[in-house]
Amino acid sequence: MTPLKFNSVCYTEEEPLILESGDTLRDFRIQYTTYGELNDEKSNVIWVFHALTGNSDPIEWWEGLVGGSGFINPERHFIICANMIGSCYGSTEPTSYEFPLISIHDIVKGFRKLKNHLEIGHIQLGIGGSMGGQILLEWAVQEPALFKTIVPIATNAIHSPWAIAFNETQRMALRLDPRKGIETARAIAMLSYRHYATYDKTQRDTDGRTENFSASSYQVYQGEKLNKRFSAYSYYALSRTMDSHNVGRHFQSISNALERIESKVFAIGVDSDILFPNQEQKMIADSTQNGSYRQVTSLYGHDGFLIETDQINEILKNECV
Numbered sequence: 056m057t058p059l060k061f062n063s064v065c066y067t068e069e070e071p072l073i074l075e076s077g078d079t080l081r082d083f084r085i086q087y088t089t090y091g092e093l094n095d096e097k098s099n100v101i102w103v104f105h106a107l108t109g110n111s112d113p114i115e116w117w118e119g120l121v122g123g124s125g126f127i128n129p130e131r132h133f134i135i136c137a138n139m140i141g142s143c144y145g146s147t148e149p150t151s152y153e154f155p156l157i158s159i160h161d162i163v164k165g166f167r168k169l170k171n172h173l174e175i176g177h178i179q180l181g182i183g184g185s186m187g188g189q190i191l192l193e194w195a196v197q198e199p200a201l202f203k204t205i206v207p208i209a210t211n212a213i214h215s216p217w218a219i220a221f222n223e224t225q226r227m228a229l230r231l232d233p234r235k236g237i238e239t240a241r242a243i244a245m246l247s248y249r250h251y252a253t254y255d256k257t258q259r260d261t262d263g264r265t266e267n268f269s270a271s272s273y274q275v276y277q278g279e280k281l282n283k284r285f286s287a288y289s290y291y292a293l294s295r296t297m298d299s300h301n302v303g304r305h306f307q308s309i310s311n312a313l314e315r316i317e318s319k320v321f322a323i324g325v326d327s328d329i330l331f332p333n334q335e336q337k338m339i340a341d342s343t344q345n346g347s348y349r350q351v352t353s354l355y356g357h358d359g360f361l362i363e364t365d366q367i368n369e370i371l372k373n374e375c376v
């Protein structure tokens, strides 16, 4: 087997990034990872977009879809994944809560600079779930002919009041105590990432206990696990970034924005997702020129986009050959 060609690089841009808010980000960094090799025609580029607490190594967090037996394969494709500005995995990150608002639009602006630096003129496939899908959609609106195909998964064209309320509730915990607040914030988030049926199946106790419930220890475990690997300041900043998402902000309406996209669009929803319910993905499919909707079945709610890789692989094999 040919050795896997892997690069992890930090791109630094000396030209300031002018943000939607009017603030300026100087000397910003974008950490990015590539797998595989760019072919002579530069026609095999796949850009993968990570979610809120992800990093630029998709083989690490989307195993089964990227690398190995997954559809997205370094032996065939030149895979790029960039860490979003505001994250704590190598890109410019906050060191306090007093950090400029980085909108989804701003993240795309930074990624476009990286794309130009890499001399990429066309992207065969863009794929991302949740916040990653928001960034993908915004980019496809900004550059309507850049992607041949886009696959936004478990995402939306404008962040809903429901999702914003979840994010604000988490930020309330973070403002009380950055160190322990991120644990509470993550525990709150898990209730939106999963589903009643998820907890009923995986955390139900059958021994008649009156305390020390499995569901309780699971919430604590998830909070502590994130606290060990992620920054409270990044969590706070990026949740605000998600709330800013609205592809129609510069185009009079969401429908006007989505109609700009020239790519084939396969919007994928998860049947049990309560955070990004599938009517949001159906709206994306219905509002784009070449859009269609596909659905994944999962016990795991919103997190199904990370877990149900066999189903997503099958969709990609059928639609993105």
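Residue numbers (my numbering): 56 to 376. Glycine included, C-beta positions come from ideal geometry on N, C-alpha and C.
Coarse secondary structure for residue i, derived from DSSP in three states
| i | result |
| --- | --- |
| serine 210 | The amino acid at residue 210 is misidentified as serine; the sequence shows threonine. In this structure, threonine 210 counts as coil in the three-state DSSP scheme. |
| valine 302 | coil |
| glutamate 153 | coil |
| tyrosine 144 | coil |
| glutamine 86 | strand |
| lysine 256 | helix |
| leucine 80 | strand |
| leucine 201 | coil |
| phenylalanine 285 | coil |
| threonine 67 | strand |
| glutamine 350 | strand |
| glutamine 307 | coil |
| glutamate 223 | helix |
| glutamine 344 | coil |
| glutamate 118 | strand |
Residue i versus residue j: straight-line alpha-carbon distance, rounded
| i | j | result |
| --- | --- | --- |
| glutamine 86 | threonine 265 | 48 Å |
| glycine 303 | alanine 312 | 5 Å |
| valine 103 | leucine 156 | 23 Å |
| threonine 67 | glutamine 258 | 45 Å |
| serine 124 | glutamine 307 | 43 Å |
| aspartate 365 | alanine 240 | 30 Å |
| histidine 305 | asparagine 345 | 22 Å |
| glycine 278 | isoleucine 159 | 26 Å |
| leucine 173 | arginine 167 | 10 Å |
| tryptophan 217 | arginine 295 | 14 Å |
| valine 121 | glycine 263 | 43 Å |
| glycine 118 | leucine 192 | Inspection of the sequence shows that residue 118 is occupied by glutamate rather than by glycine. Taking the straight line joining both Cα atoms gives about 23 Å. |
| proline 71 | threonine 79 | 6 Å |
| isoleucine 268 | valine 275 | One point to set straight first is that residue 268 is phenylalanine, not isoleucine, in the sequence displayed. Straight-line Cα distance between these residues: approximately 11 Å. |
| tyrosine 251 | phenylalanine 331 | 15 Å |
| isoleucine 175 | leucine 231 | 44 Å |
| alanine 228 | glutamate 153 | 16 Å |
Residue i versus the options, residue with shortest Cα-Cα distance
| i | options | result |
| --- | --- | --- |
| glutamine 189 | Asp365, Ile370 and Leu293 | Leu293 |
| asparagine 222 | Ile208, Ile237 and Ala212 | Ile237 |
| serine 347 | Asp78, Gln366, Leu330 and Ile323 | Ile323 |
| serine 185 | Lys170, Ala252, Ser146 and Gln336 | Gln336 |
| arginine 234 | Pro199, His177, Lys280 and Lys97 | Lys280 |
| tryptophan 116 | Tyr251, Ile362 and Phe268 | Ile362 |
| aspartate 260 | Ile208, Leu201 and Ala270 | Ala270 |
| asparagine 171 | Thr147, Gly145 and Glu198 | Glu198 |
| phenylalanine 61 | Asp112, Arg230 and Lys256 | Asp112 |
| valine 351 | Lys372, Ser327 and Gln334 | Ser327 |
Check whether residue i and residue j have beta carbons under 7 Å apart
| i | j | result |
| --- | --- | --- |
| phenylalanine 133 | leucine 93 | yes |
| asparagine 110 | asparagine 128 | no |
| aspartate 161 | leucine 74 | yes |
| serine 289 | glycine 165 | no |
| alanine 195 | isoleucine 339 | no |
| valine 325 | serine 353 | yes |
| threonine 210 | cysteine 136 | no |
| lysine 105 | glycine 187 | Just to set this straight, residue 105 is histidine in the shown sequence, not lysine. Yes, the Cβ-Cβ distance between histidine 105 and glycine 187 is below 7 Å. |
| isoleucine 370 | arginine 349 | yes |
| isoleucine 114 | phenylalanine 360 | no |
| isoleucine 309 | alanine 242 | no |
| serine 146 | arginine 84 | yes |
C-beta neighbour in chain B for residue i, strict 7 Å
| i | result |
| --- | --- |
| phenylalanine 321 | Among the chains of the structure shown, chain B does not appear; only one protein chain is present. |
Cut-off 8 Å between Cβ atoms - residues of its own chain near residue i, not counting five sequence neighbours on either side
| i | result |
| --- | --- |
| arginine 249 | Tyr355, Gly356, His357 and Asp358 |
| asparagine 99 | Gly91, Leu93, Arg131, His132, Phe133 and Gln179 |
| threonine 204 | Gln179, Leu180, Gly181, Ser318, Lys319, Val320, Phe321, Glu374 and Cys375 |
| alanine 244 | Phe221 and Gln225 |
Proximal residues to residue i (C-beta, below 7 Å), its chain only, five neighbours per side dropped
| i | result |
| --- | --- |
| aspartate 82 | Thr67 and Glu69 |
| cysteine 449 | Limits of the chain in this structure are 56 at one end and 376 at the other, which puts residue 449 out of reach. |
| tyrosine 273 | Gln258 |
| serine 76 | Pro155 and Leu156 |
Neighbourhood of residue i by C-beta distance below 6 Å, restricted to the same chain and skipping five residues each side
| i | result |
| --- | --- |
| threonine 108 | Phe285 |
| methionine 56 | For methionine 56, the predicted structure reports a pLDDT of 43, less than 50, and the residue's modelled location is therefore unreliable. The matter cannot be settled from this model. |
| aspartate 298 | His214, Ile219 and Asn222 |
| proline 149 | Tyr288 and Ala292 |
| alanine 200 | Glu317 |
Check: residue i C-beta below 6 Å from any heavy atom of the ligand SAH
| i | result |
| --- | --- |
| histidine 160 | Ligands are entirely absent from the displayed structure, and the ligand SAH is therefore not among its contents. |
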